[in-house]
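J.:
Numbering (the numbering used here), first residue to last: 465 to 637.
Spelled out as structure tokens, the structure:
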């Protein structure tokens with residue numbers, strides 16, 4: 465994996481202090497760093513509060529984010545699913561709390577769901593979960609992951625052929 469294919473900036477926003485809305489925090493980060501790929505929010509994980517909703521996630525997406533990973537709760541999840549913005553979160557939250565998050569720092573390590581995420585780490589997520597790959601081992605992990613994926617596709621493709629199933633994107637080369 466070439467390092468030029470890695471994200472230019474991965475923005476990590478610890479948001480434990482509750483003074484301003486997370487939307488204005490992200491807007492300020494976007495102003496300072498307009499080219500970002502993933503927003504990781506270390507939020508109030510123990511509270512049943514939906515810190516992320518359909519408006520702010522779509523706004524972040526419009527500004528260039530490719531997804532959001534948080535150890536907190538989200539609301540408006542039906543709308544977010546329709547918007548097709550990747551969101552990986554702890555659970556559903558009931559309600560909102562506008563005006564209560566503030567920017568603590570940028571590019572500082574945070575713990576998300578018990579996993580340390582450092583500036584420069586690569587965050588990969590799909591329907592099965594989220595994986596954080598430390599920057600120093602990205603190329604090695606990417607090579608191993610590609611090998612496993614290619615082998616899995618080949619094996620499943622042969623089963624598709626054996627069963628007479630039409631090949632789909634998960635088994636095509």
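Even glycine gets a Cβ: it sits at the ideal position worked out from N, Cα and C. The model shown is predicted, which means the values in this text are computed figures rather than measured ones.
According to DSSP, simplified to helix, strand and coil, what is residue 632?
T.: Residue state, collapsed to three classes: coil.
J.: Whether or not the segment 516–523 and the segment 536–553 are in contact is what I'm after, with contact meaning three or more pairs of Cβ atoms, one per stretch, closer than 8 Å; do they touch?
T.: yes
J.: What residue range does the alpha helix (DSSP H) around residue 615 cover?
T.: 602–627
J.: Do residue 531 and residue 589 have their CB atoms nearer than 8 Å?
T.: yes
J.: Using DSSP bridges, identify the partner residues of residue 593.
T.: 590
J.: I need the boundaries of the alpha helix (DSSP H) containing residue 518, first residue and last residue.
T.: 518–526
J.: Using 8 Å as the cut-off, can you tell me whether the segment 592–604 makes contact with the segment 618–627, which would need three or more C-beta pairs spanning the two stretches below that distance?
T.: no
J.: Pick helix, strand or coil for residue 538, following the three-state DSSP scheme.
T.: strand
J.: According to the Cβ coordinates, are residue 538 and residue 557 closer than 8 Å?
T.: With a cutoff of 8 Å on beta-carbon distance, residue 538 and residue 557 are scored as near each other.
J.: Whose C-alpha, out of 534, 527, 582, is nearest the C-alpha of residue 570?
T.: Comparing alpha-carbon positions, the option among 534, 527, 582 lying closest to residue 570 turns out to be 582.
J.: For residue 572 versus residue 586, is the C-beta distance shorter than 8 Å?
T.: In this structure, residue 572 keeps its C-beta atom at 8 Å or more from the C-beta atom of residue 586.
J.: For the beta strand (DSSP E) that contains residue 575, what are its first and last residues?
T.: 574–576
J.: How would you label residue 639, buried or exposed, when you count the other beta carbons within 10 angstroms and need 16 or more for buried?
T.: It is not possible to answer for residue 639, since the shown part of the chain is limited to 465 through 637.
J.: Can residue 533 be considered in contact with the ligand SAH, in the sense that its beta carbon sits closer than 7 Å to one or more heavy atoms?
T.: The ligand SAH is not part of the structure shown, which contains no ligands of any sort.
J.: Let's test the definition: count the other Cβ atoms within 10 Å of the Cβ of residue 576 and tell me whether it reaches 16, buried, or not, exposed.
T.: buried
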